[in-house]
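Below is one structure, written out as structure tokens; the observations come after it.
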Amino acid sequence: MGPLLALASAVCYGLVDFTGGLLSRRAPFTSITFLGQLGGLLLAGLAALLVPADAVHPADLLWGALSGLGSGTAMHFLNRGLSRGAMSVVVPVSAVTGVALSVLCGVLVLGDRPGALAWTGIAVTVPALWLVAGGGSGGRGAGGQVADGLLASAGVAVQYVALGLAGPSAGLWPVAAGRVAAVLLLLPTATRHRHQLRLPGHLTAEALLVGAGAALGLILYLLAAQRQLLAVAVVLASLYPALPVVLGLALLHERVTPRQTAGLLGAAAATVLLTLG
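Letter by letter, the sequence shown follows residues 916 to 1192 of the numbering used here.
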């Protein structure tokens, strides 16, 4: 069940990336980011109220809040990099480095001991994500874009590791606490650009739904992390960059490069290895 939940989380994040990317072409990314966090807070709060929690300890909420700060940081620097037209650099750097940092934390700090198949799957995932996102094709002037990707990856690692440390008795309240922290973190930027928040009703609704989808992805990841090694849950949940590529091919008739094809095949192989391991 754990691997399936982690893969479902990846599907949610892949859909969020795809739809959010399309939405950001029609509205300022700062407004989409902030409204998305509000949508995530609404869904996470409702889910936490509906799912029973045996005992919610302050430490669980603190881990959740720290995870939310990581989410907000990752979103800020990822969107800043994407606003510079640097998807081919920012996405692979943030995805690959985020996976590596999370796995290292799981092994060195939390004592995770993946088996041989799982280690093979982890090793395959890193280059697969890089190839799927078209890594290494950023061209000149990519230094600042790499910095954005690295800062985003640190946020991704904090998001996954901190949420994985919340106790299972807390139910979904750590996710809700994380959405509160993310909203508060992004609030100053949203306030400075408050004129950009005045969007048409349908765009506002779409942004809220995108954020709710991201919160659902975190909920599924939390449930997965409670059922298997954190390192494996992180890697499976981090396969999300493959889905926007597939959707772009199927719905937008985009062309997939040979390196992306190799990355998709590697991601599929990693999924099998991690599930079996």
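Where is the CB? At the ideal position from N, CA and C, for every residue including glycine.
Quick one: measure Cβ to Cβ for residue i and residue j, integer angstroms, because I've assumed they're closer than 8 Å.
i: Val1150; j: Thr988; result: 21 Å between Cβ atoms; not a contact.
i: Val931; j: Gly1128; result: 5 Å
i: Asp1027; j: Ala1157; result: Actually they are not in contact, since the Cβ atoms of Asp1027 and Ala1157 sit about 24 Å apart, beyond 8 Å.
i: Ala921; j: Ala1085; result: Not really, about 19 Å apart at Cβ, beyond 8 Å.
i: Pro918; j: Leu1124; result: Pro918 to Leu1124, Cβ: 27 Å. No contact.
i: Leu976; j: Ala1092; result: 4 Å
Measuring alpha carbon to alpha carbon, tell me which of the options ends up nearest residue i.
i: Ala1077; options: Ala974, Leu1154, Ala1120 and Gly1030; result: Ala974
i: Ala1069; options: Leu1025, Gly960 and Leu993; result: Leu993
i: Leu955; options: Leu1100, Pro1083 and Gly1126; result: One detail in the question is off: residue 955 reads as Gly in this sequence, not Leu. Of the candidates Leu1100, Pro1083 and Gly1126, the one whose C-alpha sits nearest the C-alpha of Gly955 is Gly1126.
i: Pro1083; options: Arg940, Trp978 and Leu961; result: Trp978
i: Val1073; options: Val1018, Ser946 and Val971; result: Val1018
i: Asp910; options: Gly983, Gly960, Trp1088 and Leu1016; result: Given a span of 916 to 1192 for the chain in the structure shown, any question on residue 910 remains unanswerable.
i: Pro1173; options: Arg940, Ala1184 and Ala1043; result: Ala1043
i: Ala1097; options: Arg1170, Gly1079, Leu957 and His972; result: Leu957
i: Val1014; options: Ala1183, Leu1080 and Ala1152; result: Ala1152
i: Ala959; options: Leu1016, Arg1094 and Val1071; result: Arg1094
Does DSSP put residue i in a helix, a strand or coil?
i: Gly1181; result: helix
i: Met916; result: coil
i: Val1024; result: coil
i: Arg1113; result: coil
i: Gly979; result: helix
i: Gly1056; result: For Gly1056, the pLDDT reaches just 46, beneath the cut-off of 50, and the residue's location in the model is therefore unreliable, although a value from the coordinates is still provided. Looking at Gly1056 - three-state DSSP - the assignment turns out to be coil, as it is neither helix nor strand.
i: Ala1127; result: helix
i: Pro1173; result: helix
i: Tyr1155; result: coil
i: Gly1148; result: Strictly speaking, residue 1148 in this sequence is Ala, with Gly absent from that position. Helix.
i: Ser924; result: helix
i: Pro1013; result: The sequence given here has Gly at residue 1013, not Pro. Gly1013 falls in the helix class under three-state DSSP.
i: Ser986; result: helix
i: Ser1084; result: helix
i: Arg995; result: helix
i: Ser939; result: coil
i: Gly1132; result: helix
Which two residues bound the contiguous alpha helix (DSSP H) that contains residue i?
i: Val971; result: Counting along the chain, Val971 falls outside any alpha helix (DSSP H), and DSSP gives it neither H nor E.
i: Gln1141; result: That residue, Gln1141, is in no alpha helix (DSSP H); it is neither H nor E in DSSP.
i: Pro1089; result: Trp1088 to Arg1107
i: Gln952; result: Phe944 to Leu965
i: Leu1046; result: Ala1031 to Val1047
Can you give me the Cβ contacts of residue i inside the same chain, cut-off strictly under 6 Å, excluding the 5 residues immediately before and after it?
i: Ala942; result: Leu1114 and Leu1118
i: Leu1133; result: Val1090
i: Glu1121; result: Leu938
i: Gly1054; result: Confidence in Gly1054 is poor, its pLDDT being 49 and thus under 50, which makes the residue's placement too unreliable to answer from.
i: Cys1020; result: Val1076
i: Leu981; result: Ala1077
i: Ala1067; result: Ala989, Phe992, Leu993 and Ser1009
Suppose the cutoff is 7 Å on Cβ atoms and the five residues either side in sequence are ignored; what does the same chain contact list for residue i look like?
i: Gly1155; result: First, the residue type needs correcting, since residue 1155 is Tyr and not Gly in the sequence shown. Ala925, Tyr928, Gly929 and Asp932.
i: Ala962; result: Leu1087 and Ile1134
i: Ala923; result: Leu1135
i: Leu1080; result: Trp978
Residues in its own chain within less than 8 Å of residue i by CB, not counting five upstream and five downstream?
i: Leu1101; result: Thr948, Phe949, Gln952, Gly987, Met990 and His991
i: Leu1112; result: Ser946, Phe949, Leu950 and Ala1105
i: Ala1185; result: Gly1036, Ile1037, Val1039, Thr1040, Ala1043, Val1150 and Leu1154
i: His1108; result: Pro943, Thr945 and Ser946
i: Val971; result: Ser1084, Ala1085, Gly1086 and Trp1088
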